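Heads up: the sequence shown begins at 122 in our numbering, then just goes up one per residue.
Ideal Cβ positions, reconstructed from N, Cα and C, are used throughout, including at glycine.
Given the structure is predicted, the values throughout are model-derived calculations rather than measurements.
Here is the structure we will look at, set down as structure tokens.
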Amino acid sequence: MRVPSFYRYADALRLLGVFLVGCIVGGVVLHSLFVAKFEAMYNTVYGLEARLGQYEADIAKLKQYKNQHTVIKSIQIRVLEESTRSARLDRMTETELVKRVKEDLSILLGRSIYDIDADANLVRKLLESKTYDDVSGKDYAIELKTVLLADNVLQVWMTVRVKAKPPA
């Protein structure tokens, strides 16, 4: 029995190899695009769910204080843009930090807007050296830049910076 010579099929095998490598590379690129789009969609859904929960809580608080016209009815927290660039916050981390700060400031809900200066020291002491830890293991320190009370809404602007962890 005679073995056929493969030098006649070298070009065909080379083309088959290039085709298979192209299929593998194409599959990897397609999968990475799918993962990127899925992650973007997940971040959007997470942000929307957080907003929905915040809106439902705001509606409940507004219903509770609808007949009282001189109390703080809701709290809006905004993160300043320069802090997000320096701390490199993703949307989920920023949403979680806003939620935690809002929980800490919720003690002001229902308080009279005329007695807000009496509570200022309490809030300053509460958030003066507050460090929030993220699920990814980073610690974030917040700083309240501006607090404004208008139309029964307490609006807070804050900056966020990554706090260095002490060595273990």
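Close CB contacts of VAL192 within its chain, under the 7 Å cut and outside five residues either way in sequence, are with TYR186, GLY231, ARG232, SER233, ILE234, ASN273 (chain order).
Taking the C-beta atoms as reference points, VAL200 is found nearer than 7 Å to GLU215. Within a 10 Å sphere around the beta-carbon of TYR261 sit 16 or more other beta-carbons, which makes this residue buried. Taking a C-beta distance under 7 Å as the contact criterion, GLY174 and ARG212 do not qualify as a contact pair.
VAL219 is positioned such that its CB atom lies no closer than 7 Å to that of ILE196. Within 10 angstroms of the beta-carbon of MET122 lie fewer than 16 other beta-carbons, which makes it exposed.
Taking a cut-off of 8 Å on C-beta distances, the region 236-251 does not touch the region 159-167, as fewer than three cross pairs fall below it. By the neighbour-count criterion, in which a residue is buried when 16 or more other Cβ atoms sit within 10 angstroms of its Cβ, ILE228 is exposed.
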